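As structure tokens, the structure follows; a few thoughts come after it.
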Amino acid sequence: MHHAYTASYRLHAQIHMVYPAKNQYEIKGTYNLDIMLSGDDKRFIVKSVENGYKVSDLAKMFNVTPRRVQQILKEDLNGGSDRKKFASLTAEEAREIEDLWVNYKIGSRTIYYLMKSKGKNVSYYQIYNFMRNKNMIKSKAMQSSGQKNKYEDRPLSTIYVDYHQSNMESPYAVVCVDMATKKILSMVESRKITKELMQKLADSMGQFIVSTNMTVQHMHLRSGVLSILYGATDLKYYMKRKGIEEVTPDKHGNTIHLALSRLWQNYDQVQVDIRIT
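Read the sequence shown against my numbering and you will find it ends at 308, with the numbers running on by one and no gaps.
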């Protein structure tokens with residue numbers, strides 16, 4: 032049985048965290064910032080960074096500067112607490128990080144989640160420091176002055192079609208993601224990825240296009256089974272009838288699929304929650 036969904040999922044689900052209550056102080060003049068952060072606060076910060084949370088988000092949470100958060104991380108490293116978390120990467124782990132970066136140009140956070148999904152016991156802090164020392168991480172200035180991502184233009188200018196299977200017992204989920212708004216516009220689920228399934232996805236997208244009175248300029252298919260089906264069948268003409276003008280295989284080695292790893296982690300968690308309830 033196929034199940035279709037439209038315009039309902041955010042690419043990045045909200046993160047709900049339970050953290051120690053922080054003292055509310057207004058800083059005037061020069062004070063020791065330690066008065067604002069308890070030992071529990073600092074341990075929470077270190078643990079959160081290891082789990083992939085952004086330094087800037089933690090700084091806002093505790094009403095301190097990002098530099099202060101970096102100081103806490105450095106103090107923890109120099110203090111030797113739980114040194115194993117910050118031990119050097121193995122040669123195999125370092126090689127895997129380098130391969131992922133060279134082949135896909137993905138960031139430290141995406142690499143962390145990919146390695147974690149494979150059962151690798153590596154902290155985000157280790158990966159970030161390794162990549163920074165290897166000049167794999169661009170500064171904010173370099174990022175802002177760089178070219179705009181070709182996949183991030185105005186809404187509906189570019190759609191990416193991806194698929195995922197949580198485990199061998201689960202159905203495949205095939206989605207259309209708007210790369211500008213970071214929303215899943217439509218999704219279908221089935222035990223097999225077939226021409227008929229892709230047509231149902233196109234039907235769902237067609238309904239969305241009609242309801243919003245917008246036009247999809249480009250659609251990129253994840254290379255592999257999706258691009259093979261598209262090339263071997265009449266899907267090209269079917270999608271054009273649904274208002275999708277240009278469809279091409281992803282020629283970038285599934286880079287976008289890797290960049291959507293967080294989306295599929297959220298999807299997997301939803302499936303677990305559904306089974307529990």
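For glycine and all other residues, C-beta sits at the position ideal for the given N, C-alpha and C. Given the structure is predicted, the values throughout are model-derived calculations rather than measurements.
Around the CB of A233, 16 or more other CB atoms lie within 10 Å, so the residue is classed as buried. Each of N244, S242, K267, T243 was checked against the Cα of H251, and the nearest Cα belongs to K267.
Annotation for V278: M250, L252, Y261, K267, M270 place their beta carbon closer than 7 angstroms to its own, counting only its chain and skipping 5 residues before and after. For V247, the enclosing beta strand (DSSP E) stretches over residues 247–252.
Collapsing the DSSP output to three states places A211 in coil. Bridge partners of S221 according to DSSP: Y203. Approximately 6 angstroms separates the beta-carbon atoms of V192 and L257; this is inside 8 angstroms, confirming the contact. Assigned with DSSP and collapsed to three states, Y191 falls in strand. For T141, the enclosing alpha helix (DSSP H) covers residues 139–148. The beta carbon of T264 is closer than 6 angstroms to those of K226 in its chain, skipping five residues each way along the sequence. Taking all protein chains shown into account, Q157 has 16 or more neighbouring C-beta atoms within 10 Å of its C-beta and is therefore buried. Burial check for R99: the Cβ neighbour count within 10 Å reaches 16 or more, so the residue is buried. Around the beta carbon of I275, a 10 Å sphere encloses 16 or more other beta carbons of the protein chains shown; the residue is thus reported as buried. V133 counts as exposed, since fewer than 16 other C-beta atoms from the protein chains shown sit within 10 angstroms of its C-beta. Inter-residue distance for S292 and L228 is about 22 angstroms (C-alpha atoms, whole angstroms).
Beyond the five residues adjoining it in sequence on each side, L145 comes within less than 6 angstroms, by CB distance, of S292 in the same chain, given in chain order.
Under the DSSP definition of a beta bridge, T279 partners with H251. Excluding residues up to 5 positions away in sequence, S254 lie with their Cβ nearer than 8 angstroms to the Cβ of K282 in the same chain.
Cβ atoms of E124 and K151 come within 8 angstroms of each other, at about 7 angstroms.
Where I168 is concerned, there is no enclosing alpha helix (DSSP H), because DSSP gives it neither an H nor an E. Closest in alpha carbon position to K105, among T141, I142, R140, N160, is N160. 8 angstroms or more divides the Cβ of V208 from the Cβ of Y194. Excluding residues up to 5 positions away in sequence, H33, P202, Y203, L228 lie with their Cβ nearer than 7 angstroms to the Cβ of S221 in the same chain. Under a 10 Å Cβ-count criterion, T121 is classified as exposed, with fewer than 16 other Cβ atoms of the shown protein chains found around its own Cβ.
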